[in-house]
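For the numbering used here, add 1348 to where a residue sits in the sequence shown, where the first one is 1. Backbone N, C-alpha and C fix where the C-beta goes; we use that ideal spot for every residue, glycine too. This structure is a prediction, so every number in the text was calculated from the model and none was measured.
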Amino acid sequence: RSKAEGHQEELWRYLRTNDLSVISTDHCPFCFKEQKELGVGNFSKIPNGIGSVEHRMDLIYQGVVDGQISVERWVELCSTTPARMFGLYPRKGAIAPGSDADIVIYDPVGRTEIGFHKTHHMNMDHSAWEGFVVDGHVDTVLSRGKVVVENNEYKGVKGHGQYLKRGLSQYLI
């Protein structure tokens, strides 16, 4: 058991009590081949970072399944609070008239095995979560009401993205 494992229960408690109000990741993926191999013989030359943003929703949803947080808190942590922090609410982070209709349809009884040939869509050849099996599965993703992911397949079209003018952070107001 690592020292970090002893902190997990405290982190979940802080998320429940809003002492921690958002979950983020320093997403910085590298491939083993050609990038991580730079450190063979000299550890200091290994590029730092791992990819993890792709699996964030699934991994945090496991906290819902395990009784660590409510499904409402999961949505708040992963969607509403970040939208407020970055001055994008209520255009983002809400399902309401006038909002963008960015929606993740999540299958709570599905299961996801995280693996390079199964779930990775990032430009990397490994994951720190390789082999983890979590409850729940992203079924469909809508961006501004249009399906962009369905059945684990990207269906978006080039040019769909838009510049979003941000307002001030509404989180601390």
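- Cβ neighbours of Asp1450 within its own chain (closer than 7 Å, five residues either side excluded): Lys1440, Leu1490, Ser1491, Arg1492.
- Restricted to the segment 1370–1432, the alpha helix (DSSP H) segments that are unbroken, complete and at least 4 residues in length are 1404–1413, 1419–1423, listed in chain order.
- Between Gly1458 and Gly1479, the C-beta gap is not smaller than 8 Å, which leaves the two residues out of contact.
- If you draw a straight line from the Cα of Thr1460 to the Cα of Gly1389, it comes to about 36 Å.
- Rounded to whole angstroms, Tyr1519 and Leu1386 show a C-alpha spacing of 42 Å.
- For Tyr1362, the enclosing alpha helix (DSSP H) stretches over residues 1356–1364.
- In terms of Cβ geometry, Arg1421 and Thr1373 do not form a close pair [threshold 8 Å].
- Here the C-alpha atom of Asp1414 lies approximately 21 Å from the C-alpha atom of Asp1487.
- Per the coordinates, the alpha-carbon of Asp1448 lies some 32 Å from the alpha-carbon of Leu1359.
- For Pro1456, the uninterrupted beta strand (DSSP E) run begins and ends at 1451–1461, by DSSP.
- For Val1497, same chain residues with a beta-carbon under 8 Å away, outside a window of 5 residues either side, are Val1486, Thr1488, Val1489, Lys1503, Gly1504 in chain order.
- Between Val1495 and Pro1456, the alpha-carbon positions lie close to 19 Å from each other.
- When the five nearest sequence neighbours on each side are left out, the beta carbons in the same chain lying within less than 8 Å of the beta carbon of Val1370 are those of Leu1425, Thr1429, Pro1430, Met1433, in order along the chain.
- Bridge partners of Glu1501 according to DSSP: Glu1498.
- Residue pairing by DSSP puts Ser1491 in a beta bridge opposite Lys1494.
- Bridge partners of His1485 according to DSSP: Asp1455.
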